[in-house]
Every structure is written in C-alpha cells, then in structure tokens.
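Here's the structure, in structure tokens; my notes come after.
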Amino acid sequence: MSKSTQKCASGRAQAGEMFRSHPVAVGCMLLAAAASAAAQQAQPPAQQLETVTVTGIRKGIEDAISVKRNSDSIVEAISAEDIGKLPDTSIAESIARLPGVAAQRVNGRASAISVRGFAPDFATSLLNGREQVSTGDSRYVEYDQYPSELMSGVTLYKTPDAGLVGQGLSATINMETARPLNFAKRVVAINYRDEKLGKGLSTPAGSGSRVNLAYIDQFADRTIGVALGFARLKETLGVQQNFSSWGVNDVCPQGNNNGCPVATLGKAPGGFNDLVDSGDQKRDAFMGTLQYKPNKNFSSTLDVFATKFDSTQLEQGAQIPLAPAFPEWGQNYAGTTVTPTTVTNGVITAGTLNGFKAVSRNDVNANHDKVHSIGWNNQLVMGDWTGVLDLATSEAKRRAPHLETTAGLPGNCKTNPALCGSVSWTGFDGTSVQSAKYTFPYALDDLSKIKLTDVEGWGGGASLPQAGYSKVASTDDKLNAFRLSGKRSLNGSVFSEMELGFNYSDRKKTRTYVEGRLMVGAANDPFAAVAIPGGTAAVGPQTGTPYIAWNPDGSIGTVYTIASKLVPDIANKNWVVSEKVATGYAKFSIDSSIGGIPVRGNAGAQLVHTDQSSTAFSADRTQSCPNDVCNLGTVTLGKKYYDVLPSMNLVGDFGNGNTLRFGLARQLARPTLDDMRASLDFNVDNTSHLISGNGGNPTLKPFRATALDLSYEKYWGKQAYVSVAGFYKKLSTYILRVPQAYDFTPYITANTPTPASPVGLRTAPVNGDGGNISGVELAASLPLNLLTHWLDGFGLQGNYSRTNSALKLPSTGFNSGLTTTTLPMPGLSKETRGWALYFEKWGFEARVGQRYRTDFVGSISDQYGDSQLIYIKAERITDAQISYNFQDGWLKGVTLLLQANNVNNEPYTEYKQSPLDPSKNVKYGKTYLMGVNYKF
1 MSKSTQKCAS
11 GRAQAGEMFR
21 SHPVAVGCML
31 LAAAASAAAQ
41 QAQPPAQQLE
51 TVTVTGIRKG
61 IEDAISVKRN
71 SDSIVEAISA
81 EDIGKLPDTS
91 IAESIARLPG
101 VAAQRVNGRA
111 SAISVRGFAP
121 DFATSLLNGR
131 EQVSTGDSRY
141 VEYDQYPSEL
151 MSGVTLYKTP
161 DAGLVGQGLS
171 ATINMETARP
181 LNFAKRVVAI
191 NYRDEKLGKG
201 LSTPAGSGSR
211 VNLAYIDQFA
221 DRTIGVALGF
231 ARLKETLGVQ
241 QNFSSWGVND
251 VCPQGNNNGC
261 PVATLGKAPG
271 GFNDLVDSGD
281 QKRDAFMGTL
291 QYKPNKNFSS
301 TLDVFATKFD
311 STQLEQGAQI
321 PLAPAFPEWG
331 QNYAGTTVTP
341 TTVTNGVITA
351 GTLNGFKAVS
361 RNDVNANHDK
371 VHSIGWNNQL
381 VMGDWTGVLD
391 LATSEAKRRA
401 PHLETTAGLP
411 GNCKTNPALC
421 GSVSWTGFDG
431 TSVQSAKYTF
441 PYALDDLSKI
451 KLTDVEGWGG
461 GASLPQAGYS
471 KVASTDDKLN
481 AFRLSGKRSL
491 NGSVFSEMEL
501 GFNYSDRKKT
511 RTYVEGRLMV
521 GAANDPFAAV
531 AIPGGTAAVG
541 PQTGTPYIAW
551 NPDGSIGTVY
561 TIASKLVPDI
571 ANKNWVVSEK
581 VATGYAKFSI
591 DSSIGGIPVR
601 GNAGAQLVHT
611 DQSSTAFSAD
621 RTQSCPNDVC
631 NLGTVTLGKK
641 YYDVLPSMNL
651 VGDFGNGNTL
661 RFGLARQLAR
671 PTLDDMRASL
681 DFNVDNTSHL
691 ISGNGGNPTL
701 KPFRATALDL
711 SYEKYWGKQA
721 YVSVAGFYKK
731 LSTYILRVPQ
741 AYDFTPYITA
751 NTPTPASPVG
761 LRTAPVNGDG
771 GNISGVELAA
781 SLPLNLLTHW
791 LDGFGLQGNY
801 SRTNSALKLP
811 STGFNSGLTT
821 TTLPMPGLSK
831 ETRGWALYFE
841 KWGFEARVGQ
851 RYRTDFVGSI
861 SDQYGDSQLI
871 YIKAERITDA
881 QISYNFQDGW
891 LKGVTLLLQA
901 NNVNNEPYTE
911 YKQSPLDPSK
921 NVKYGKTYLM
931 GVNYKF
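For the sequence shown, UniProt numbering assigns the number 936 to the last residue and increments by one with no breaks.
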C-alpha cells in the first residue's frame, strides 16, 4: 500500500466517524480503491481530485486545533480566519475567550489578562517569541496596545519547555504576526468599520471608526517576502455613568462622633461621587516583516511592530462628602454633626448632617503611549546542526497627565458657618449609599455662587492652598536581548533532537512623577475664588445631584498657576529598576514508545542567572522642605541569584484521536517592578512617637512553584475536539507586604521628629510562605453536523474552568482600602466560562459568544497613582457578529459586516465591602460596528 493510501486509510476512519458524506472522505475511499485495483491491473490515469478549501470561521478554528494537537506542550491557540480578520478591538478580547483565561476591563476595554487564577503579572508576553515590555508600572503587558487586526494568531503555553525563554508561572502568551513566505501568493486586504459607542444608555452615545490595511507579497522567485500592516482606531467615546460610593459610616445618633459608646452607633451614608465620563482615543499601529530565504540552508527574518495610543478622558460630576469625620481632614470645613430623624435596627434611615459643602469635580485624565518592538532572526543549517541568532529590542513609554479641579462655595465655614448648610436624606437602607434620597441646602449648580476654589481645604491648609491638583506620571521601559542556539537530530531510541541555547536580556524601567498644587487668584490665598469659564449646569445621572460642568483642559496658565510639590511620598514614586538575566538551556525532544504507545514530547532544563538592582529617589530629610518642596537623595540596592528550571512534557498517542498529555516543571514569576523599587518613606506618630515606614525591596526573589499538568484530549481530524485538563501548582514562596522591625537610624535627622526608638516597623514586600492552587478545565469545539447533516454549517465552542486556592494574603501592608483581614489571591476568579455558537455557509457567517468570570481581586490605579487592590464584581460580556462574503461576480472578495459588543450592557463594578455598595460603578454601554472588508 502506498503512503498516500495509508494516509487516506487513517483519514477514512476519522471521516466515517464524523462526516458520513464528507467530500474528503469520499476522495480518500476512491483513492484507496484505485490503489487496490492498481495492484491487479494497469488503469488509465486517475482523474484529478477537487481541492476542498476551508475558509472563514472554520478555517480559524481548524488552524487553532492543529496548533493545539501538534504541540508537545499543553497550549491554547487562536488563529485568524483570514488576514486582518480577528474581530476584536484588541488581541485581549480574543485571548480572554480561551479556556482558563479571564480579562480585566480598563475604560471598557479588555486589557489585563489573568490565566488559571493568577494575577496578570504571573504571565509573560511575547511577540514572535520575544519578550515584551509594558507601559504601566508593573510587568504585565496591556494587551489593548496590540490590535487584533495585525495578529495572525496567538499561542498560550500552559506548560513550558526548556527552549521557551521568558516563560511565566501561570502561562506564556506568544502573539504572532504573518510570515509572508508562508502565503502562496500576493494578498491585499482593506477593512473599514464605522462604530457607535455607548448605546443603550440615557447619556449621549459616541462614534468612531476602525481602518486596517494589509499587504503581503513574495519576490525574486519567492526568496524574499514582505508583509506590511496598518491599523487605526479612532473613537469619540459616549458619555458613561460613573458612580462611586464612599461607603457606610458608623456615627453617633446624638451627633457627637467623639467617644461614642458602641451600643449607640448608627449607620449613615458616608458620601458619593455621581460622575459622567467622556473623551476620545486614537491608536495607530504598524507591523512589518521582511523575510529572506535564498536557499534551504539559510533564512533571515526582520520583524517591526510599533503602536501609538493616545486617550483623553473628561470626568465631571458632583462630589458629596457626608461623613462627620471630615472636619479632621479639611481646613475650610465646619464642624459637622449628624442628627437622626429615624433610626431602624441601628441604621439612620433618615437624618441630617450640618456643615455641608458640595464639590463640583471636573478632571482631565490622559495617557500617551508608545510601544515598539524590533526583532531580527537568522537561521543557518551547517551539516547536522541548525544555528539560530536572534536580536531583539522592545520599548514602551507612557506619559499620563492628570488634572483635577474643584468648585464650590468659597470661604471658611469654620469662622462663618452661614456659608454652609445642612443636607438631609431619607430612605437609606444601611447598605447602599445610592438607596437614599438627598435634599441639599442650596443650589449646587448656581453659577453666581459656585466658584473655582479650595472648597474643603483638603490641601495644605491656609499656607498651602489647593484649588486643584496636577500630576504627570511617566514610565520608560526598555529591553534589549540576544539569543544564540543550535540543534541537531539524534538517532537514539528515546531522544530525537537536541537543542542547546543561550539568551541574555537587559531591562531597565524608569518611573517619574511630577506633581503640583493648582492655585487661583492671589498666591497663597486659601479662600481665593474665580468664576468658572464656560461653566454650565448639569445633573448627575444616577442620583440627580446638580453640579457645574466645564472642561479644564488647557487651563494651566490661563486659570491656574502650579506650585510644585515634592514631599517624601511623591519622591518615593520616582525609581529605576534594572534587570540583567542570562539563561542557558538544554532541550531534548522525545520520540519513543511506552508499552507500544507512541510517546513524544521534550525534557530539559534552564539555568537562569539574575542580576537586579534599583535606584530610587527619596526626600533628603537632612534639610527642610519649604513650601512642600524637598531636596532628593538617592539609594541603590540589588541582588544576584540563580534558578534551575527543569521541565518535561510527554504526549501519549492512544490512537483514534485520543491523546494524553503530562507536564512537570519548575516555574517562576519575577517580582513586580514597583515592588522592586528601592524607595523608602517614614513618619513619626505625633501621639505614640513610634516610627514606621514603607517602601520597596530590590532584594526580592521570584515567586517559585512546582507545576503538574494532565490533559486528556479527543480529536476528530482537525475539525473538532474535546478536552479535560487538570493542574496543580505548589508555590514555595509568595511575595507579601508585611511590617517588619527596621532600624531607621540612618534616616533620622535634626529635621525629623524624634521617635521614642529608632527601631520601628517598615512595611515592604518580602518572600513569604507559599501555598497551592489547583483547577480543572473543560473545553470543546464541535461542528454540529456531528449530530445531524441538517445542522451542517453550525458549530459550538465552549469552555469552563474551576480554580481553587488555599492561599490567603494578609491585607495589612497591601494598598487596598478593604476591611477584611485577609485577601484571596489577586486575579483569582473561582470560575470562568465561555461559549460561542456560529454558522458558516454559502458566504454567510454569524456568531454569538459570551465570556464570564466570577468576582475577583483586581489591581487598579488609585488617586495617588499607586497600584491598589480592590474587589471587582463578576462580569458576563456578550458579543455578536454577522457577515456576508461575495464569492463570485464583480463583488468577489467583498465582505459586509455587522457587529455588536457588550450587547448586554454589562457594568464594571468595584467594591470594598459589598457589591451592593460599589465604590465604583460604570456603565459603558453597547458598541455597534458596521463595516466592509475587501481582499484580493
């Protein structure tokens, strides 16, 4: 029997199981019959068989299944249906649909990726196999920087191998761009989509567009290949509702908040922000690939990727402080008391608070990001050896200006109580601040009374007025790397190939903060006030609270002057972290059998040497800080250490599409870069005279874990599969923020208060005890004609994961604002699931899908620009798409498209105690797209 006949015999068994009348199965049976007859007598030349070309949704699914099935590791994969055809705003939405994967939304877009219950920092991101740097303070890549239109696919490695450099602990995510010499001919694709954003809300909707161009070609007898791509996203965002609760406070029903007996405490609303967000964003991205392959022994590939992402957000609304503790905070605030009207079961359902002043907030937040990545790969075959030299650089920059302004009644309520009034409420349920109905003492939108001023005295008081605030955060992250490796075939009974390699990377991340107080009128006048230019009356959408709206963009120098501010806690935000990592590895590919069962895979190890250091800027306390501006001193600390990372992947082929995979590895995740800063801040308590401080730790070692994976997979050709996978990771160490004894003697000077003892508590990251995390993952991709031919063209994809961890983190030391004493692992959603139903036939394509994750602890940026842990409520995001492709005639190659994202208008909710009382609740609305694609 010929090899072709043998191949078709195998395909015939699978085809008979799946597609009783599939053309490929019929073709294979005809070829087998022809081969059998040829053994008896000569036959006329066989008629050429028709080629079956799979396109569209099915092509993307089948290509992804092929990657998963053929890999020696446990992986998940995404493959574009066609060039420029991944349907999502960024590659993050595509990745979030994979089994065991979840996304955290930022400004309505999927951005940070969590895999198997770990925080985003536990996964590393590669582009064409090269490590990528980040625009934020930490390590994890913000995937909304990467347009899906420029990606040909993604491979997510859940188990590593020794040759995978830059591997993560939870996963390694490799984004891939097109290789032009893999295409049979020239391809030109043009896509345009018109957008409507923020639909389904009571506020005005936005609009935008997406354009992408792709050109792929081959030259010089296919020895040179070129791929070029450009993608633009331009949007004017819809007006989004943003409600933030300040929580529920315990107060005395008598109105006296000092020394109140516990038995007489009552619960009252603490305050809220009723805001609306609007803005615009523009992202331009480019990718280019040049391939040169003059012969079978040498190839050279140059990859270039660059993106520029600018976004501006205008946040406007009413800020309503209701807690009686605020006199301790503000300098311009009158003493406040709560007078209950009705108290039920310890809840002040109706009451009054005097000394009230409302604030109209109008803030501008912007991000200006630039990312570029360049890689040059060269491969040369020299006898039995294949050598690879790869050079790479990746850089990410962010400049994030933030401008906040306050407007309200000017003047000092402490000396003139008539400037303030009393606010009352009814219907408070004791849980949700939003449940109450509020009555205010004056018109909060009266332009004749409301001015730009230091409303509450929340700045530095009479000597350092603050009518607003300005801060500009900047990060610059750069990595240079080179890799040298060689591999050759082996003739052993177990190992089929050997690969030896060395990789060196040099990374440096710099973070700087420039901050200042905004002043109006005469310098250092704490009660100065000016009219609001272009101010208009507005109403908060969720509580109906009035406020004054205006756009402060460009107001520096015309309305405000800036007084620089550089106090110790600001100085600690400035740091540099450097990291030099050298990795040597050996990897042996396995091609053998055990008990007659074919087994393939790999085994090997990495030897990793890390040299890390940090230089931080801290306030020089040997000198005073006039007008809140301190001199800066520097400190540099670091550490060197080795890690050995063995790994093994085994794949057993039990026949008939049944595959069992086993993975065992030692894994690590490097500390977050902001945890590695050398910053130190401290203060002396005025009452106890105890000294305490906080900062980073440049001597941190990585998170380390031993990982065990097992996966059973059943394939029907490359059209369908089901899988059941389990994993267990034993973390030997987890980085915690805990207070420890520390000698502050070198930092105590004549300008610092004298502590009772120079030894106090310093809260900083340390390598603490570990724990374990385990889970199970189910996944399936099935064309429904498996059930009946009446469902030909329909298909279903689905996945479910359940993750458990006994690891609890002490909340003390973490910047969280949460009231619980312990926290679950950040990023851990106990359940994630997703499904997609699709149809493809006769040029029509349609699909609807949903992804879901349960509540989790996420990381956000707080008002000071630092990372903060917060609870984020469960989300269920539903998307839909329908298109028609003209397959012949003068419109051949044209595809018309309709798409809807977040069709269920799922809100984004943060909370500290209960999801019923959110600290932030934003409704982004639905997004509709209508477009046309043309490929020739």
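Glycine included, C-beta positions come from ideal geometry on N, C-alpha and C.
_Nearest residue (CA-CA) to W716, options V684, Y547, N658_ = N658
In chain order, which continuous runs of the alpha helix (DSSP H) of length 4 or greater are located wholly inside the stretch 135-216? none
* **Meets three-Cβ-pair contact criterion under 8 Å: the stretch 60-78 and the stretch 155-164** => yes
Notebook entry, point to check: Between A571 and N627, what straight-line distance do the alpha-carbon atoms span, to the nearest angstrom?
Noted result: 15 Å
query = Which of helix, strand or coil does DSSP assign to Q667?
reply = strand
Which of helix, strand or coil DSSP assigns to G317 = strand
Top-ranked residue by Cα proximity to E149, from E62, F286, Q899:
F286
| request: Would you mind sorting A25 into buried or exposed? The rule is 16 or more other CB atoms within 10 Å of its CB. | output: Note on A25: pLDDT 36, under 50, position unreliable in the model; the coordinate value appears next. Classification of A25: buried, given that the 10 Å Cβ count is 16 or more.
Worksheet item: Contact between the stretch 734-754 and the stretch 107-117: three or more CB pairs below 8 Å?
Response: no
- Query: By Cβ distance, which residues of its chain are closer than 7 Å to K293, with the 5 residues on each side in sequence left out?
  - Reply: L181, T223, S299
Buried versus exposed, by CB contacts within 10 Å (16 or more), Q887: exposed
Who are E62's beta bridge partners in DSSP? DSSP output for E62 lists no bridge partner at all.
Please state whether DSSP places R69 in a helix, a strand or coil.
helix
Exercise for review: Go through its chain and collect everything with a Cβ distance to G834's Cβ below 6 Å, but skip five positions before and after it.
Suggested key: R97, N799, R851
Sort out for me which residues DSSP pairs L353 with in a bridge.
V338, V423
query: Which first and last residues belong to the alpha helix (DSSP H) in which I594 is found?
result: Counting along the chain, I594 falls outside any alpha helix (DSSP H), though it belongs to the beta strand (DSSP E) covering 575-594.
For this session: Report all residues from its chain with a CB closer than 6 Å to the CB of T352; omit the five preceding and five following residues, and keep chain order.
Result: T339, S422, S424
Inset, instruction - Would you grab the beta carbon distance between A901 and D879 for me? Rounded to a whole angstrom, and I think it's under 8 Å. - result: Inspection of the sequence shows that residue 901 is occupied by Asn rather than by Ala. The pair is a contact, with the Cβ atoms about 5 Å apart (cut-off 8 Å).
If you follow the alpha helix (DSSP H) that P646 is part of, which residue opens it and which one closes it? Where P646 is concerned, there is no enclosing alpha helix (DSSP H), although the beta strand (DSSP E) it sits in stretches over 632-653.
- request: Evaluate A34 with the Cβ neighbour count: other Cβ atoms within 10 Å of its Cβ, from every protein chain shown; 16 or more gives buried, anything less gives exposed.
  value: Because A34 carries a pLDDT of 34, less than 50, the predicted location of this residue cannot be relied on, and the following value inherits that uncertainty. A34 comes out exposed.
Inset, instruction - Spatial neighbours of T699 within its chain, please: CB distance less than 6 Å, with the 5 preceding and 5 following residues excluded, ordered by chain position. - result: K639
Checking the sheet assignment: what are the DSSP bridge partners for M287? G229, F305
Using alpha carbons as the reference points, say which of Q313, A92, F243 lies closest to V433.
F243
Using only the alpha-carbon positions, how far apart do V581 and D611 sit?
6 Å
_Going by DSSP, what residue range makes up the beta strand (DSSP E) through P546?_
546-549
| said: So, under 8 Å CB-CB, E131 and S505 are touching, yes? Tell me the CB distance rounded to an integer number of Å. | reply: 7 Å
Quick one, are the C-beta atoms of F495 and I590 less than 8 Å apart?
yes
Nearest to S757 by CA position, among H689, D384, R737, is which residue?
H689
Would you report the Cα separation of G317 and G208, rounded to the nearest angstrom? 25 Å
Notebook entry, point to check: Which value, in whole angstroms, describes the spacing of the CA atoms of G775 and D855?
Noted result: 17 Å
Ranges of the beta strand (DSSP E) found wholly within the stretch 445-517, counting only runs of at least 3 = 451-453, 468-489
Practice task
Sort A764, G516, D384, S134 by Cα distance to R677 and report the nearest one.
Solution key: A764
| query | Are Y547 and S360 touching if we call contact CB-CB under 8 Å? | reply | yes
*To the nearest angstrom, how far is it from the Cα of G427 to the Cα of G535?*
32 Å
On a CA-only basis, which of F502, L708, V684, A537 is nearest H609? Give me that one, please. F502
Any idea which residues DSSP pairs R361 with across the strands?
-> G317, T406
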